[in-house]
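Trainee:
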Amino acid sequence: MSASLEKGVRVLKEMIDAPIASYFNSCVNCGLCAEACLFYTETGDPKYTPINKVKPMRRLYEQEFTLTGRIKKLVGLSKPVDDAELEEWKELAYNSCTLCGRCSAVCPVGNDISYMIRKFREGMSASGNAPEGLVGAVNRTVTIGSPMGVKLPAVKVQMKHVENDFGLPIPMDVEGAEYMVMLSSMEIMNFPEYLGAIAKIMDHAGKTWTLCSTAFEATNAGIQIGNSDLARVIVSRIVEGAEKLKVKTVISPECGHAYTALRWEGANLIGRPFTFKVQHIVEVLGEFQELGLLKTEGFEKDKLTFHDPCQLARRGGVIEPQRKLMKMVSENFVEMPDAGFMNWCCGGGGGASAIEEGEELRLEAFKVKKTQFEIVNADRVVTACANCRIVLEEGLEHYKMDLPVVSLTEMVADHLQAKGK
Amino acid sequence: MSEMQLLTWVRGTGLNIAIGLFLAGVLWRLLEIYSLGRKKDLSAPRAAAGASGWHTILRRNLPAPGMLPKAPVTYIAGGIFHVGLAVVVFMFAPHIELFKSLTGLSWPGLPSQFIHLTTIVTLVAMLVLLVDRIKNPVKKYLSTFEDWFTWALTFIPLLTGWLSVQHLLLPYTTMLTVHILSVELLLVLLPFTKLFHAFTAFGSRWFNGSANGHKGVAV
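So the sequence lines, in the order shown, correspond to chains A and B.
In terms of the working numbering, the first sequence has 32 at position 32, counting the first letter as 1, and numbering is strictly consecutive.
In terms of the working numbering, the second sequence has 180 at position 180, counting the first letter as 1, and numbering is strictly consecutive.
This is how it looks when you write it as structure tokens:
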């Protein structure tokens with residue numbers, strides 16, 4: 001057994017807890033999870049059945065944690081997990097899974113398959129079987145500070161641009177601010193208007209906020225690749241920053257996995273509850289709306305639809321606020337089939353968009369979004385995740401569909417009444 | 001040993017051994033699985049998980065939104081099979097007599113004609129599921145020896161029970177003996193095969209429901 005395989009197996013064994021054991025024992029191979037997965041529905045290839053994506057882990061669990069499995073292994077009826085098998089499973093555990101959680105939402109015996117795949121990735125990554133693209137993203141986040149290699153000077157340059165464009169200050173390292181705003185590299189590099197929108201919204205709502213020079217990047221490739229040690233390093237920066245600045249709330253940006261990483265996995269990674277609150281920007285906007293802090297004017301006239309980022313809606317529990325916000329600024333808002341809790345993933349979440357060799361499959365899976373968009377026939381699609389936005393734009397371009405993708409935060413900011421009105 | 005003696009052994013000592021092994025097996029497997037425990041979730045809950053685990057236990061009896069048209073055979077035949085099997089096992093008067101003799105508990109049974117019909121429908125549903133497992137590309141891909149074996153392990157008691165009541169194929173005593181033996185085999189092997197989902201499915205639904213309830217999502 002190679003050293004890396006040995007490490008992978010050891011990590012996998014550590015991942016197995018009562019829920020995982022219960023899930024493996026409950027699976028009856030009914031195949032229903034396949035029907036919920038865009039990588040199966042759009043390709044028809046049964047290897048993409050979600051529960052099949054953790055098959056090596058299932059055998060390892062049986063061999064190590066059950067009496068019958070131990071006996072089977074002893075008499076040679078169950079072969080040990082080896083390098084070749086894990087290598088083969090790389091495509092299944094990473095390229096063809098966005099951790100979107102649709103499978104977990106439909107499994108009749110109740111298996112949270114997404115949770116299982118997330119755990120399986122810990123073993124895959126430890127055994128050296130994670131895709132290059134994700135390994136690079138994690139390394140850049142740990143050494144440089146962001147998966148796209150964005151450093152503080154680049155953020156400062158964008159801050160200046162935004163200050164000039166919006167005529168509002170972008171505060172940094174302000175102690176005692178109510179909100180600490182996080183960004184994703186994608187927003188820093190491709191969508192700096194997001195930062196301008198935040199400045200506008202906070203100014204409008206009369207809230208104090210700040211960026212943090214030691215923790216501006218929210219995305220956590222450690223979660224996506226399945227390496228809790230590195231994920232912890234990344235989350236710790238944010239925790240240290242938030243505690244240093246004594247903020248009440250940290251705002252996760254328009255990014256699905258950053259939210260999961262910080263909101264749900266963060267405290268578990270550092271081993272203690274946070275001393276501050278974590279909210280996705282959509283939750284903050286929703287709260288401002290409830291409190292009457294958002295005075296808007298005018299409506300978007302064209303037909304708009306909303307793409308739910310999986311980690312925000314199905315895996316995060318934020319489903320209604322985005323709809324109320326849409327209705328506040330749009331007079332022709334239409335829902336896609338399966339919208340909300342059961343929405344279909346863009347195909348690039350969970351790190352999948354960083355995997356170059358997975359692009360062909362991703363575009364194939366995108367057909368599910370294409371169909372949804374064709375049915376709803378909207379003029380523009382609004383979303384609240386910069387990664388969804390890029391992946392949607394790539395897919396739409398590939399299929400030659402003219403459907404602009406816009407940010408909900410930016411759209412809300414566009415409709416805020418000017419001061420003094 | 002005469003046929004009658006064999007039947008007497010099968011429904012006496014044999015049954016006691018099978019039930020003993022079944023109970024020990026279930027206990028062992030439950031400990032093997034649930035004693036692994038899980039870490040406390042330190043993230044701040046959106047809502048108190050409350051009864052969300054229990055809600056999921058109930059909710060997953062029905063298809064998730066939009067799923068029924070995608071897999072009608074699995075849902076409909078699967079649903080009929082599970083309900084039918086429960087009705088036949090727990091509502092057939094002679095079975096209730098047996099439960100009474102074992103536990104002292106009894107409840108009113110359903111008319112034997114109704115059980116007769118339910119058994120046929122359940123057998124048909126199982127055959128449909130078998131054909132689907134052979135033909136459906138996903139199920140075929142996933143299936144291992146255990147899937148075929150456990151199908152037979154469940155089908156045979158149901159079939160032989162029905163045949164013995166109907167006095168078909170074999171003399172009544174012989175068929176009844178085969179029926180009880182097949183049930184005993186089922187009991188002994190259930191904890192160690194995928195049939196154990198009869199127990200763990202509740203735990204799995206509960207884990208999923210409570211973990212997501214913590215996030216404020218009703219799954």
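Cβ coordinates follow ideal geometry from the N, Cα and C atoms, glycine included.
Here the structure is a predicted model, which means the values were calculated and not measured.
(1) For A:Arg380, which of helix, strand or coil comes out of DSSP?
(2) How would you list, in chain order, the residues of chain B whose beta-carbon sits under 9 angstroms from the beta-carbon of A:Asp17?
(3) For the candidate residues A:Val81, A:Lys47 and A:Leu74, whose alpha-carbon lies nearest to that of A:Arg58?
(4) To which residues does DSSP link A:Ser407 through a beta bridge?
(5) If contacts are defined as beta-carbon pairs under 8 angstroms, then A:Asn190 and A:Ile390 qualify, I think. What distance do you get, rounded to the angstrom?
(6) If you drop the 5 nearest sequence neighbours on each side, which residues of the same chain put their C-beta closer than 7 angstroms to that of B:Val10?
(7) Taking the alpha helix (DSSP H) that B:His116 falls in, what are its first and last residues?
(8) What's the gap between the Cα of B:Phe199 and the Cα of B:Leu23?
(9) Closest Cβ-Cβ distance between A:Trp264 and chain B: below 7 angstroms?
(10) Below 7 angstroms between beta carbons: does that hold for A:Lys119 and A:Met15?
(11) Following a CB-centred definition, is B:Leu27 positioned closer than 6 angstroms to any heavy atom of the ligand ADP?
(12) First and last residue of the beta strand (DSSP E) that includes A:Met180?
(13) Where do the ends of the beta strand (DSSP E) carrying A:Thr475 lie?
(14) Pick out whichever of A:Gly31, A:Tyr40, A:Ala413 and A:Ile234 has its Cα sitting closest to the Cα of A:Thr296.
(15) On a Cα-Cα basis, can you pick out the residue from A:Val235, A:Gly316, A:Met180 and A:Gln322 that is closest to A:Val382?
(16) Counting only beta-carbon separations shorter than 7 angstroms, does A:Asp112 have a partner in chain B?
(17) Can you name, in chain order, every residue of its own chain whose Cβ lies under 7 angstroms from the Cβ of A:Asp302, other than the five neighbours on each side?
(18) Assuming A:Ala205 contacts A:Leu294 under a Cβ cut-off of 8 angstroms, what Cβ separation, rounded to an integer in Å, is found between them?
(19) Check whether the Cβ atoms of A:Leu325 and A:Leu262 sit closer than 7 angstroms, and answer yes or no.
(20) I'd like to know whether the C-beta of A:Asn268 is nearer than 7 angstroms to at least one C-beta of chain B.
(21) Would you report the Cα separation of B:Val87 and A:Gln63, rounded to the nearest angstrom?
(22) Please state whether the Cβ-Cβ distance between A:Ser146 and A:Ser96 is less than 7 angstroms.
(23) Whose Cβ in chain E lies nearer than 8 angstroms to the Cβ of B:Thr56?
(24) For the stretch 314-339 of chain A, which residues have a beta carbon sitting closer than 9 angstroms to at least one beta carbon of chain B?
(25) Flag A:Val284 as yes if its beta-carbon sits less than 7 angstroms from any beta-carbon of chain B, otherwise no.
(26) Say whether chain A places a C-beta atom closer than 7 angstroms to the C-beta of B:His167.
(27) Can you give me the Cβ contacts of A:Cys107 inside the same chain, cut-off strictly under 7 angstroms, excluding the 5 residues immediately before and after it?
(28) Where does B:Val4 land, buried or exposed, given buried means 16+ other C-beta within 10 angstroms?
(29) Just how far apart, CA to CA, sit A:Asn22 and A:Gly110?
(30) Can you pull the DSSP bridge partners for A:Met172?
(31) What is the rounded straight-line gap between the Cα of B:Pro137 and the Cα of B:Val83?
(32) Is A:Gln311 helix, strand or coil by DSSP?
(33) Name, please, each residue of chain A whose Cβ falls closer than 7 angstroms to the Cβ of B:Met1.
(34) Based on Cα-Cα distance, which residue from A:Glu163, A:Ala215, A:His398 and A:Pro253 lies nearest to A:Glu240?
(35) Can you name the start and end residues of the beta strand (DSSP E) that B:Ile80 belongs to?
(36) Quick one: which residues of the stretch 121-150 of chain B get their C-beta closer than 7 angstroms to a C-beta of chain A? List them in chain order.
Mentor: In terms of the structure at hand:
(1) strand
(2) Leu36, Gly37, Arg38 and Lys39
(3) A:Val81
(4) A:Thr383
(5) 7 angstroms
(6) Thr177, Ile180 and Leu181
(7) Ser112 to Lys135
(8) 12 angstroms
(9) yes
(10) yes
(11) Ligands are entirely absent from the displayed structure, and the ligand ADP is therefore not among its contents.
(12) Tyr179 to Val181
(13) A query on residue 475 of chain A cannot be resolved here, the shown segment of chain A reaching from 1 to 421 and no further.
(14) A:Ala413
(15) A:Gln322
(16) yes
(17) Asn332, Asp379 and Arg380
(18) 7 angstroms
(19) no
(20) yes
(21) 36 angstroms
(22) no
(23) Checking the listed chains, one finds no chain E in this structure; the protein chains it contains are A and B.
(24) Arg314, Arg315, Gly316, Gly317, Val318, Ile319, Pro337 and Asp338
(25) no
(26) no
(27) Leu32, Cys33 and Ile113
(28) According to the sequence shown, residue 4 of chain B is Met rather than Val. So B:Met4 ends up on the exposed side.
(29) For clarity, residue 22 of chain A is Ser in the given sequence; the question names Asn instead. The alpha-carbon atoms of A:Ser22 and A:Gly110 are separated by roughly 10 angstroms.
(30) A:Leu211
(31) 26 angstroms
(32) coil
(33) Going along chain A, no residue has its Cβ under 7 angstroms from B:Met1, so there is no contact; the nearest lies around 32 angstroms.
(34) A:Ala215
(35) That residue, B:Ile80, is in no beta strand (DSSP E); its alpha helix (DSSP H) goes Pro72 to Met91.
(36) Asn136, Pro137, Val138, Lys139, Tyr141, Leu142, Ser143 and Asp147
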